[in-house]
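For reference, the structure discussed in these notes is given below.
Number of protein chains: 2
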Amino acid sequence: MSSFEPCPCVRRVFFLLVALFGVTQLPAVPASSATTVMPLPAVQQFTTGRLAVTPAFSVELQGSADARLRAGLARLLRQVEARTGLTFAHTPAGGFALKSDAAHASLVIDCAAPGSAVPVLGEDESYTLEVTSTEAVLKAPTILGALHGFATLQQLLQADASGWFFPAVRINDQPRFPWRGLMIDVARHWQPLEVIQRNLDGMALVKLNVLHLHLTEDQGFRIESKTFPRLHELGSDGHYFTQDQIRGLIAYAAERGIRVVPEFDIPGHATSWVTAFPELASAPGPYAIERKWGVFDPVLDPTNPRVYALLDGFLGEMAALFPDAYIHIGGDENNGVQWSANAKIQAFIREHNLKDNAGLHAYFNGKVHAILAQHGKKLIGWDEILHPDLTSGSVVHSWRGPTGLAEATRLGFATILSNGYYIDLNYPTADHYLNDPVPADTRLSPEQQKLVLGGEATIWAEWVTPETIDSRIWPRTAAIAERLWSARDVRDVPDMYRRLALVSRRLEEAGLQHASYLDPALRRLAGDQASPAELAALRAFVDLIEPVKHYQRGNQQPEATQFTPLTGLVDCARADSAPGREFAAQVAMLAGPLSPDPQAANSVLQALVAWKFTTVQLAALAARSPRLQEAQPLLTSLATASAVGQEALSVLLSRQAPVAGWLQTQLSRLDEAAKPHAAAELPVIAPLRLLAAAAAEQDKRRTLSPDAWKQHLLDLAPPPVTP
Amino acid sequence: MSSFEPCPCVRRVFFLLVALFGVTQLPAVPASSATTVMPLPAVQQFTTGRLAVTPAFSVELQGSADARLRAGLARLLRQVEARTGLTFAHTPAGGFALKSDAAHASLVIDCAAPGSAVPVLGEDESYTLEVTSTEAVLKAPTILGALHGFATLQQLLQADASGWFFPAVRINDQPRFPWRGLMIDVARHWQPLEVIQRNLDGMALVKLNVLHLHLTEDQGFRIESKTFPRLHELGSDGHYFTQDQIRGLIAYAAERGIRVVPEFDIPGHATSWVTAFPELASAPGPYAIERKWGVFDPVLDPTNPRVYALLDGFLGEMAALFPDAYIHIGGDENNGVQWSANAKIQAFIREHNLKDNAGLHAYFNGKVHAILAQHGKKLIGWDEILHPDLTSGSVVHSWRGPTGLAEATRLGFATILSNGYYIDLNYPTADHYLNDPVPADTRLSPEQQKLVLGGEATIWAEWVTPETIDSRIWPRTAAIAERLWSARDVRDVPDMYRRLALVSRRLEEAGLQHASYLDPALRRLAGDQASPAELAALRAFVDLIEPVKHYQRGNQQPEATQFTPLTGLVDCARADSAPGREFAAQVAMLAGPLSPDPQAANSVLQALVAWKFTTVQLAALAARSPRLQEAQPLLTSLATASAVGQEALSVLLSRQAPVAGWLQTQLSRLDEAAKPHAAAELPVIAPLRLLAAAAAEQDKRRTLSPDAWKQHLLDLAPPPVTP
């Protein structure tokens, strides 16, 4: 399920509209502006006062206070110490000193019960937090709520000239959906333990509660099997989690209130399975670990009883290893090639009245469902498992489009949404943020709505390495976490971006490397001879570009394999360019229905001139650096963008119509500049098109209604075509 | 041995002289300027031509080619791929494809023998490398030489407009000393496995071959003992290496040609030992892990037979765990308080004719030596173990001063030098670099010289955390590695700094975080409200300051404990400020014997103005940030430095004598600005003093000989007094 998603262009255009004409006209100070917390709590009322955080800050534990709670508290206090530079009181034994007298504690934690030792779906995650000038009181029915309260406190902490403090606030919080996940594909590119651990820390900070590990793929089998060691021995290049590591990871996650759901992808995406056991494939072997990207033929043979013997042994072993009630069996993207070409399999389909390959897949899923049930587990699978014969109680994980979720719930299956949360596709945060599992205008019946358990952000790993993965997950996933936790009507995009910048800092402090990976990567890319000024220009340049969206990178770099080093320009580019967004917002103030704002004109001009300066500085570096030669076409595009923008601005400010054909010339130049190169592209082209259109048509600005004016510009200069 | 070092001021002044008057007058293009390699090879002749590195680059293994060699080669090729973006040929099984036909391989590796599976002291580490336009041939008698050759290749790789290449060169290389170490104190602040691993990668890159792990201290017992689990259970706060981890670490090190030598510090520095076993101390317990820094009283009781029973059991266990022939037993800084106060111990001294506490210590060492010998190990200890009764065959690790090494070798003991390599004390790289174990003017006899095995850089961990430790070790330790590997006459400081900047990049690419830790730390320090311009100013500011030298930080922050968060301004400052060095070099061109250079005057003026700008930008941030309030005095000092410098420059360029008393006024102002605050200081004060003196006395510049002029300036304006 990493290779198809229909019509993201719809979302892109929508986002552009929001960026250009929507959100910039919202009230300047939205209701939630005082808060620094993400996800936004269900109820949050700021009151007057602040609770000072000084070295005398103290904590009292009331109610249930087990080791997990104490560990969570210690993590919170250590984070606060690192950020504030304060040292709180410690016991000689090394722990934080706790008060036993509530009257004098700065923070009182009252946790009613420890809850499940390993979190389970649907457990109470609520908490209340009341901060006054004298104390903070955190109450929760289980440890899960207390841990969420700690995450909130971590985000509430702030400073001004008079010192560090928590603002006075009353919070009453619980999640909208019980299943809020991040799926990490550790198979296509191996992601070692420390990557998973730091991402668990990030998840806890934004109250995500499911880590879904995609453990097997055509390109790798990433879990030790003691029953069938050939699986990881032949399928992993030595890169897999030992069972001890998995146990440690589950404990690490549980300490942070997070479930771990494993995925073993069958019957397709199975090259690594049949590398170990070629006789279980639907066509003769031998097989070797797949090194390329795409959808491949190898698929298990559902007519072979030994397949079920293997699955029974292996899934039984995994069922004992992973405590969660669910096991994900993938089930996606079986292309049917091997099944269709195998006469024995086709005969089996006829003999068993299975109708077609889809029927055979459903038959297979039924057998797997029974195996899992025998081992006490429930089945999850991607969209493709949905079939009239799918055993009830299965969970459908929707990835292909909005219809999957509707169809699954219509048939009575619980669902998890990932369509719209494919963070590997490099779409802007706002796209994901506004993608609601159950939007206000949903056509789902109330019964269907109840079957929507939540959603998962998914990071498929064709193009990520341990070095870059954090930058592909964060901070965007924090906005998805808010979508799944906070109320449906929390949709204020500018406020989301404001808080996202803050939570990005907290994520960095928690150990994520989404920001810090960049400068070393740029130094390596620029080479030893780059001057500090050239490095700064390169930084400005990569801040302006974005990786291509959707599955375009595969088209741009068709020769890439698992061995290709991911240390190029595009690996330094990140989705959702902040300067790109800022530029679009400034252009919106120039091209919107109101007459051009001089300050916005000045900002836009400054940006355009800076781009030109960047291209001049980098041209020399790119000419002598073999690694930056791939940047040349994009530098040319940026220079074009700067020139077109300056011309458009000049026309706009002249308040005179340009010569005939001017707009078409500019749009053609921008079409050229919009083309991706080196798998990267310039997000500033789309707003420049609108700027040019606004300049060309400014005489119509006053004659058209605001809505008609917007539509007119979009008709004249629709965003560049992206897949 | 982390709390005393006499007279570093001598070295500081020496460095200043070198920086100001020495090296800037060396030939502009030193002999080694073409090379990018550090340590400088024993023999290295660049020839004409280059070996292109393209995707067709291929490797052939001749001679012995075991798994360790292949793994080392794979690491090299992966590094080259990451840096160049090229993808070399792989086998379907996932390894790099190797050529079997030497005629067509780009790189031929001919390793005669695998050598010891775990490296041993004195093993042949030599290699030859010949690169021509058509191939590179690396020959080595053992794998150690081959691994060193890989490190050389990694550093030789470079690029220009026509692509990536190795320059044609003939290298014939071997180390000057067989013991080239890095000691990491994992006890005072715990350093987890990944810190050690990435530092092993850094060590391999600069051909260091001994990792000395300081495993026990007053503040922590960091190794699992299965025989006496109370030791790590009660002594570590849960932070210790398991024996499995140690075995993995030894294998990781051996793969990189590095020995692992453990240290268990006895009889002093033993608080964590007696926390577990108070009855073995020389005064009644109970004891708890020490949280403060310094020298403490707890010491094992050498008169108690149970001490030797414990040591026999524990050291026997460790002897089986660590394959190296040597075990370090510390032996330093027993303050004698408990021994002197204990009548039974004093009686024992008299009864056994041990004379005094030193005699008792020697008695203890003799017993420990016998225990180690029984377990097949040799004893190493710090300076203090040196005693007429020290058992022959012991190795003395010299830390207290230059006399220790002379005295130990005079008595026939082999020695390792760490005096002058205390990288935790924040001295400039050049200080360490010019500190030769056997300098040209040595008074050691040839026999004594043979007893000098080498040296070790030491990072004591009072003030380092996993976040900052790399920045305290690297890149300075690369220069120590060169001192221990390269010929004695390799002492070209500017060329060292030139190559250090390159090796620093390679170290970063190997995974060290000495550079990348900084920006996240500054973002945390600056707080959420800092603007990008303020962050840039903060970066410029911390690049200009240095942590205080020697043991001054303990004086500046006497309240600090193991719990104090090390996330302040001083933790962002790094030793050997590059802008500080650059400023000193420019001042030297103004204040030297020649008449002032206009370009240098311009550079100095630009720097002075930039400092003022930095202080203005940061004043506002510091005023509203509780964490940066500690920066205020240093900002004031920097503003003073800028003002004095501008005035001095103006006087100098006026070619007129200033008013009477001017120099004393400026020096007083600089005395004030030289004072450390927040445990940091400004390295630019010393050159400013000389600039002021040169300006005040410029009429003497032409009347005095160059040497007399230098001396005159230093007499007038000696560097600020530091300990």
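Going down the list, the sequences are from chains W and Y.
When you line the first sequence up against the numbering used here, it's residues 673 to 1395, in that order.
When you line the second sequence up against the numbering used here, it's residues 673 to 1395, in that order.
Where is the CB? At the ideal position from N, CA and C, for every residue including glycine.
According to DSSP, residues forming a beta bridge with Thr1130 of chain Y:
In DSSP, Thr1130 of chain Y forms a bridge with Y:Met855 and Y:Tyr1094.
Quick one: which chain W residues come within Cβ less than 9 Å of Ile961 of chain Y?
Pro764, Ala765 and Gly766
Beta-ladder partner(s) of Gln716 of chain W, from DSSP:
W:Ile843
Could you work out which residue in W:Asp1142, W:Arg1163, W:Trp1157 and W:Asp1215 is closest to Ala1417 of chain W when comparing CA atoms only?
What the structure shows of chain W is the stretch from 673 to 1395, and residue 1417 of chain W is not part of that stretch, so it cannot be assessed.
Closer than 7 Å at the beta carbon, the chain Y residues around Gly1199 of chain W
Ala831
Distance cutoff 8 Å, beta carbons only. Does Gly744 of chain Y sit that close to anything in chain W?
no
If the criterion is Cβ atoms closer than 8 Å, does the pair Phe837 of chain W and Ala724 of chain W meet it?
yes
Since Pro974 of chain Y contacts Thr943 of chain Y with CB under 8 Å, what's their CB separation in whole angstroms?
Actually they are not in contact, since the Cβ atoms of Pro974 of chain Y and Thr943 of chain Y sit about 17 Å apart, beyond 8 Å.
Give me the chain Y residues within the contact set of Trp836 of chain W, using Cβ-Cβ distance strictly less than 8 Å, ordered along the chain.
Neighbours of Trp836 of chain W on chain Y, chain order: Pro1298.
For chain Y, check one thing: does any of its Cβ atoms lie closer than 8 Å to the Cβ of Thr1140 of chain W?
no
Taking only the alpha-carbon atoms, compute the straight-line gap between Ala1019 of chain W and Gln1234 of chain W and give it to the nearest angstrom.
37 Å
At a Cβ cut of 7 Å, what residues of the segment 1234-1246 of chain W count as close to chain Y, listed as they run along the chain?
Phe1235, Thr1236, Pro1237, Thr1239 and Gly1240
Give every residue of the same chain whose Cβ lies closer than 6 Å to the Cβ of Asn1007 of chain Y, excluding the five residues on either side of it in the sequence, and list them in chain order.
Val967
Three-state secondary structure assigned by DSSP to His1059 of chain W:
coil
According to DSSP, simplified to helix, strand and coil, what is Tyr924 of chain Y?
helix
Can you round the beta-carbon distance between Leu1262 of chain W and Val1276 of chain W to whole angstroms, since I take them to be within the 8 Å contact cut?
6 Å
Hey, how far is the Cα of Gly694 of chain Y from the Cα of His886 of chain Y?
Per-residue confidence for Gly694 of chain Y stands at a pLDDT of 43, beneath the threshold of 50, marking its modelled position as unreliable; the derived number appears in the next sentence. When rounded, the distance between both Cα atoms is 38 Å.
Would Leu1325 of chain Y and Ala1365 of chain Y qualify as a contact pair, given that the criterion is a beta-carbon distance under 8 Å?
no
Quick one: complete alpha helix (DSSP H) runs, 4+ long, within the segment 1225-1258 of chain Y?
The qualifying runs are 1241-1244.
Within 10 angstroms of its Cβ, does Leu698 of chain Y collect 16 or more other Cβ (buried), or is it exposed?
Reliability fails at Leu698 of chain Y, whose pLDDT of 38 lies under 50, so the model's placement of it is uncertain and the value that follows must be treated cautiously. By the neighbour-count rule (16 or more Cβ atoms within 10 Å), Leu698 of chain Y is not buried but exposed.
Which residues DSSP lists as bridging Leu1339 of chain W, in chain order
Note: Leu1339 of chain W sits in no beta bridge, so no partner.
Residue range of the unbroken beta strand (DSSP E) whose run includes His1069 of chain W
Val1067 to Ser1070
Proximity winner among Y:Ile938, Y:Ala1187, Y:Ala1013 and Y:Gln1383, relative to Leu1051 of chain Y (alpha-carbon distances):
Looking only at Y:Ile938, Y:Ala1187, Y:Ala1013 and Y:Gln1383, the smallest Cα-Cα distance to Leu1051 of chain Y is reached by Y:Ile938.
Three-state secondary structure assigned by DSSP to Tyr799 of chain Y
strand
With a CB to CB cut of under 8 Å and the five nearest residues on each side skipped, what residues in its chain are close to Tyr959 of chain W?
Thr943, Val946, Thr947, Pro950, Ala953 and Pro970, listed in sequence order.
Relative to chain W, which residues along the segment 892-914 of chain Y have a C-beta separation below 9 Å, given in chain order?
Under the 9 Å Cβ criterion, the segment 892-914 of chain Y contributes Asp909 and Gly910.
Give the residues of chain A in contact with Ser1188 of chain Y, contact being defined as C-beta atoms less than 7 Å apart.
Given the protein chain composition of this structure (W and Y), no chain A is represented.
Please tell me whether Glu1206 of chain W and Ala1247 of chain W are closer than 8 Å, where the distance is taken between their beta carbons.
no
Which whole-angstrom value describes the C-beta separation of Ile856 of chain W and Ile868 of chain W, a residue pair presumed to lie in contact below a C-beta threshold of 8 Å?
7 Å
Which of helix, strand or coil does DSSP assign to Gln697 of chain W?
Its pLDDT being 38, under 50, Gln697 of chain W is placed unreliably by the model, and nothing is read from it.
Extent of the continuous alpha helix (DSSP H) to which Trp1011 of chain Y belongs
Val1009 to Ala1013
Excluding five sequence neighbours on each side, which residues of the same chain lie with their C-beta closer than 6 Å to the C-beta of Ala1272 of chain W?
Gln1258, Met1261 and Leu1262
Just checking my contact of Ile999 of chain W with Ala991 of chain W at CB under 8 Å: how many whole Å lie between their CB atoms?
At roughly 7 Å, the Cβ-Cβ gap stays under 8 Å, so Ile999 of chain W and Ala991 of chain W are in contact.
Relative to chain W, which residues along the segment 1147-1176 of chain Y have a C-beta separation below 7 Å, given in chain order?
Those would be Leu1174, in chain order.
Cβ contact (3+ pairs, closer than 8 Å) linking the segment 1153-1169 of chain Y and the segment 1091-1105 of chain Y
A contact exists between the segment 1153-1169 of chain Y and the segment 1091-1105 of chain Y.
Cβ-based neighbour list, Ser772 of chain Y, same chain, cut-off 8 Å, excluding 5 preceding and 5 following
Glu732
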